[in-house]
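Peer 1: Residue numbers (the numbering used here), protein chains in the order written: chain P, 1 to 153; chain Z, 1001 to 1146. This is the structure I want to talk about, given as structure tokens.
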């Protein structure tokens, strides 16, 4: 009898059951993988690179008016493709309820300036006078002009 | 004796998942830390037509317009400050000279339709570097007064 009691004691498993934890981890991993590319506003374009852009944190707010111009001249308002001439109405509708009156233009580096001008014209008719031209920071390389002089004058 | 052998030879059928969890944790941390790059951009203004009864303040001689001229596909576009030809390298120095003595640092940019947008962005960037605070975009429609 004494022997059988000891035997039962030896069957206790000291390992933690990690399967639920692995499940949760996998789900978290997948969530982060899916969300990361979705965080940017508008469609993704190949932005122009410049030396000293300013930060525009408002451009990634959920209600920011981002107009994207693709290389072939197609125009997207946020993530919907629309004809350029409907842009005025779209922007006008949103402008009334908008805190940030600025329109962000996300133009492809190789887009023709004519396409951008068409967007600017239509946005201007809606009464917008502040634009943010979204660009990338140029990787520091040869021939970078010095940073802007501090202060005025 | 036989009892002792049975309890001693407890073969473990569980998989060793510790390395798997290690890898997963590291991946999760990597994805949490990567946050999308902050959006950056250049400020630009669009001149709105003045109200019809506003007094006109015409000072055309003081307006600076940088113009980008298309020289055909594959060629770097030409740059003009007002009517004066200049080079890409000399543009910043020229603009710095012009705006050194001015209080209102306003400039306009105009470009041909076929110029790539990247070149216009470069001009605006150079203007900001030269200390111009307000860069306006001029379109054909604005020029026509509409």
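C-beta atoms are modelled at their ideal positions from N, C-alpha and C, and glycine is treated no differently. Computed from a predicted structure; not experimentally measured.
Ends of the alpha helix (DSSP H) at residue 1022 of chain Z?
Peer 2: Locating residue 1022 of chain Z in the second chain gives position 22, counting from the first residue. Start and end: 1018–1033.
Peer 1: Quick check: the Cα distance between residue 108 of chain P and residue 48 of chain P, rounded to an integer number of angstroms?
Peer 2: Here residue 108 of chain P refers to the residue found at position 108 of the first chain. Here residue 48 of chain P refers to the residue found at position 48 of the first chain. When rounded, the distance between both Cα atoms is 6 Å.
Peer 1: Can you find the residues in the same chain that come closer than 7 Å, C-beta to C-beta, to residue 126 of chain P, ignoring five residues on each side of it along the sequence?
Peer 2: Within the first chain, numbered from 1, the residue matching residue 126 of chain P stands at position 126. Only 88, 91, 92 and 95 meet the Cβ criterion.
Peer 1: Counting pairs of Cβ atoms below 8 Å between the region 1011–1030 of chain Z and the region 66–81 of chain P, do you hit three or more?
Peer 2: Judged by Cβ distances under 8 Å, the region 1011–1030 of chain Z makes no contact with the region 66–81 of chain P, as fewer than three pairs qualify.
Peer 1: Looking only at its own chain, which residues have a Cβ that is under 8 Å from the Cβ of residue 131 of chain P, when we skip the five neighbours before and after it?
Peer 2: Counted from its first residue, the first chain places residue 131 of chain P at position 131. Correct list, in chain order: 102, 103, 104, 105, 120 and 123.
Peer 1: Do you know whose CA, among Z/1128, Z/1106, Z/1020 and Z/1130, lies nearest residue 1138 of chain Z's CA?
Peer 2: The count along the second chain starts at 1 and reaches residue 1138 of chain Z at position 138. Here the closest residue by C-alpha is Z/1106.
Peer 1: Shortest alpha-carbon distance to residue 1084 of chain Z belongs to which of Z/1066, Z/1092 and Z/1093?
Peer 2: Residue mapping note: residue 1084 of chain Z aligns to position 84 of the second chain, counting from 1. With distances taken between Cα atoms, residue 1084 of chain Z lies closest to Z/1066.
Peer 1: By a C-beta neighbour count over all protein chains shown, 10 Å radius and 16 as the cutoff for buried, is residue 112 of chain P buried or exposed?
Peer 2: If you number the first chain from 1, residue 112 of chain P lands on position 112. So residue 112 of chain P counts as buried.
Peer 1: Under 8 Å between the Cβ atoms of residue 1101 of chain Z and residue 1130 of chain Z?
Peer 2: Sequence index remark: in the second chain, residue 1101 of chain Z carries index 101 (1-based). Sequence index remark: in the second chain, residue 1130 of chain Z carries index 130 (1-based). Result no, Cβ atoms of residue 1101 of chain Z and residue 1130 of chain Z do not sit closer than 8 Å.
Peer 1: Whose CA, out of Z/1025, Z/1032 and Z/1049, lies closest to the CA of residue 128 of chain P?
Peer 2: Within the first chain, the letter at position 128 stands for residue 128 of chain P. Looking at the Cα atoms, Z/1049 is the closest of the given residues.
Peer 1: Let me know the secondary structure DSSP gives residue 1116 of chain Z once reduced to three states.
Peer 2: For the purposes of this step, residue 1116 of chain Z is taken as the residue at position 116 of the second chain. Strand, per DSSP.
Peer 1: Counting only the same chain and skipping the five closest in sequence on each side, list residues whose C-beta sits under 6 Å from that of residue 136 of chain P.
Peer 2: In the first chain, residue 136 of chain P corresponds to position 136, counting from 1. 47 and 49, listed in sequence order.
Peer 1: At the 8 Å Cβ level, is residue 77 of chain P part of the contact set with chain Z, yes or no?
Peer 2: The count along the first chain starts at 1 and reaches residue 77 of chain P at position 77. Not an interface residue.
Peer 1: Got a sec? Which residues, its chain only, sit under 6 Å from residue 1136 of chain Z by beta carbon, not counting five neighbours each side?
Peer 2: Within the second chain, the letter at position 136 stands for residue 1136 of chain Z. Excluding residues within five positions, the ones whose Cβ falls inside 6 Å are 1045, 1047 and 1108.
Peer 1: For residue 87 of chain P, write down the residues that DSSP places opposite it in a beta bridge.
Peer 2: Sequence index remark: in the first chain, residue 87 of chain P carries index 87 (1-based). In DSSP, residue 87 of chain P forms no bridge with anything.
Peer 1: Buried or exposed: which applies to residue 117 of chain P, given that a residue is buried once 16 or more other Cβ atoms fall within 10 Å of its Cβ?
Peer 2: Indexing the first chain from 1 puts residue 117 of chain P at position 117. Per the 10 Å Cβ criterion, buried.
Peer 1: Which bits of chain Z does residue 95 of chain P rub up against, with CB to CB less than 7 Å?
Peer 2: Residue 95 of chain P sits at position 95 when you count from the first residue of the first chain. Simply none; closest approach about 13 Å.
Peer 1: I'd like the span of the alpha helix (DSSP H) that includes residue 1095 of chain Z, first residue to last.
Peer 2: Translated into positions along the second chain, residue 1095 of chain Z becomes position 95. Counting along the chain, the alpha helix (DSSP H) containing residue 1095 of chain Z begins and ends at 1088–1100.
Peer 1: Return the residue from the list Z/1075, Z/1094 and Z/1038 that minimises the CA-CA distance to residue 1081 of chain Z.
Peer 2: Numbered from 1 along the second chain, position 81 holds the residue referred to as residue 1081 of chain Z. Checked all of Z/1075, Z/1094 and Z/1038; the closest Cα to residue 1081 of chain Z is Z/1094.
Peer 1: Locate the alpha helix (DSSP H) running through residue 1135 of chain Z, then write down its first and last residues.
Peer 2: What you label residue 1135 of chain Z is simply residue 135 of the second chain in a count that begins at 1. Careful: residue 1135 of chain Z lies outside any alpha helix (DSSP H), inside the beta strand (DSSP E) at 1134–1137.
Peer 1: Would you call residue 1122 of chain Z buried or exposed, if buried means 16 or more other Cβ atoms sit within 10 Å of its Cβ?
Peer 2: Along the second chain, read from residue 1 onward, the residue named residue 1122 of chain Z stands at position 122. That one is buried.
Peer 1: For residue 62 of chain P, decide whether its Cβ has a neighbour in chain Z, counting only Cβ atoms nearer than 8 Å.
Peer 2: Position 62 of the first chain, counted from the first residue, corresponds to residue 62 of chain P. False, the Cβ-Cβ gap to chain Z never drops below 8 Å.
Peer 1: From the DSSP output, which residues share a beta bridge with residue 77 of chain P?
Peer 2: Indexing the first chain from 1 puts residue 77 of chain P at position 77. Per DSSP, P/67 and P/80.
Peer 1: Between Z/1115, Z/1024 and Z/1032, which has its C-alpha nearest residue 1069 of chain Z's C-alpha?
Peer 2: In the second chain, the residue the question calls residue 1069 of chain Z occupies position 69. Residue Z/1115 is the option with its Cα nearest to residue 1069 of chain Z.
Peer 1: Please classify residue 1144 of chain Z as buried or exposed, where buried requires at least 16 other C-beta atoms within 10 Å of its C-beta.
Peer 2: Numbered from its first residue, the second chain carries residue 1144 of chain Z at position 144. Residue 1144 of chain Z is exposed by the Cβ-count criterion.
Peer 1: Which bits of chain P does residue 1028 of chain Z rub up against, with CB to CB less than 9 Å?
Peer 2: Translated into the one-based positions of the second chain, residue 1028 of chain Z becomes position 28. By Cβ distance, chain P contributes 25, 28, 29 and 32.
Peer 1: Below 8 Å on the Cβ atoms is my contact criterion, and I expect residue 57 of chain P with residue 1075 of chain Z to pass it. Report the Cβ-Cβ distance as a whole number of Å.
Peer 2: Translated into positions along the first chain, residue 57 of chain P becomes position 57. Translated into positions along the second chain, residue 1075 of chain Z becomes position 75. At roughly 37 Å, the Cβ-Cβ gap does not stay under 8 Å, so residue 57 of chain P and residue 1075 of chain Z are not in contact.
Peer 1: Just the chain P side, please: which residues come within less than 8 Å of residue 1116 of chain Z by C-beta, in chain order?
Peer 2: To locate residue 1116 of chain Z, count along the second chain from 1; it is residue 116. Chain P residues near residue 1116 of chain Z: 109, 110, 111, 112 and 113.
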